[in-house]
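Okay, structure first, notes after.
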Amino acid sequence: MTELTRLARDAPAAACITAVSEVFTAILGRVSAWRDELLVAVEAHPPTRITLDALVESLVLPALSERPTAIIGAGFVATPGYLPDSYWHLAWWLGEQNTLRLEPGATAPTRRLATVTDPTSDQFRDYTNLEWWRVPERTGSPHITGPYVDYLCTDDYTLTVTMPVYSSAALIGMVGVDSYVKNIESLLLPHLYGIGCAATVVNATGRVVASSDPHRAPGSILRIAGLSEQLHSWSASTNSEAPHSPLPGGELVLECPGTSLALVLEN
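The numbering of the sequence shown is the working numbering, which starts it at 1395 and goes up by one.
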């Protein structure tokens, strides 16, 4: 048994995997509940811009007001043309921790995200081209995007969790949340430091979410031989038990159940 294999079987590694799963399954659970409540409401009464905004606000504001919370933005983004009176529409709210467009050190109350929905404007962005829309639209499943700098909703390193909403088999939009990477790091780093080797949480494309190695910055790609292929094989597999085989360099990749994330252990 190698030292990494021993560490992978020890309690600290198991506790770290559990922590990753708990953080993101809690977020996914909340997003799933919002999706279900929203769907019941809009199928009972087809929404307009105003009624949809009121509904989404009532769903997400309690979560944005919690302390502590990993969520700094939340809402619903409509499929273009879904609403009869707003072709492009984002019903999205920013929490008090969200510093988008604020001066350093400034704070603001929970507020609605100001968006540009006029496609003739230079500031307009077609959100259906963004990863947090494209991937769940294609897969029909929840998706974790990032870490990335979200210039639309946070202006900081962000993880975005989105879940598609279907009505009568038609996609009507995405429910989602934003979390600052630094908030997620604060929850995971104590567990990563406790493992006893360089330990890194990565997303499905090998991008670093959090790491005990200061050289592994959030948002950077973890370039290890065989890692990309291993992660891709997991995402393409229908097997619920992902293998924990070593990479060519001896590194170990461990699945974080309930998420698309993985824990990478290095000597």
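Note that beta-carbon positions come from the ideal geometry of N, C-alpha and C, so glycine has one too. Quick caveat, the model's predicted, so the values are computed rather than measured.
Annotated as distal: Ala1468 and Leu1449, with beta-carbon spacing of 8 Å or more. Inclusion of Ser1426 and Met1568 in the CB contact set at 8 Å is not warranted, their separation being larger than that value.
The beta carbons of Trp1487 and Thr1504 sit about 6 Å from each other, so the pair counts as a contact at 8 Å. The three-state reading of DSSP puts Phe1518 in coil, since its state is none of H, G, I, E or B.
Scanning its chain for C-beta atoms nearer than 6 Å, with the 5 sequence neighbours on each side dropped, one finds around Trp1428 the residues Leu1453, Val1569, in chain order. Contact annotation, Ser1573 with Ile1411: C-beta distance approximately 19 Å; criterion of less than 8 Å not satisfied.
Looking at Tyr1476, Ala1472, Ala1500, the one whose alpha-carbon comes closest to that of Trp1526 is Ala1472. When the five nearest sequence neighbours on each side are left out, the beta carbons in the same chain lying within less than 8 Å of the beta carbon of Pro1530 are those of Pro1536, His1537, Thr1556, Met1557, Pro1558, Met1568, in order along the chain. Close CB contacts of Leu1565 within its chain, under the 8 Å cut and outside five residues either way in sequence, are with Thr1473, Glu1531, Pro1558, Val1559 (chain order).
Collapsing the DSSP output to three states places Trp1486 in a strand.
Partner residues in a beta bridge of Ala1405, as assigned by DSSP, do not exist. Per DSSP, the unbroken beta strand (DSSP E) holding Glu1649 starts and ends at 1646–1649.
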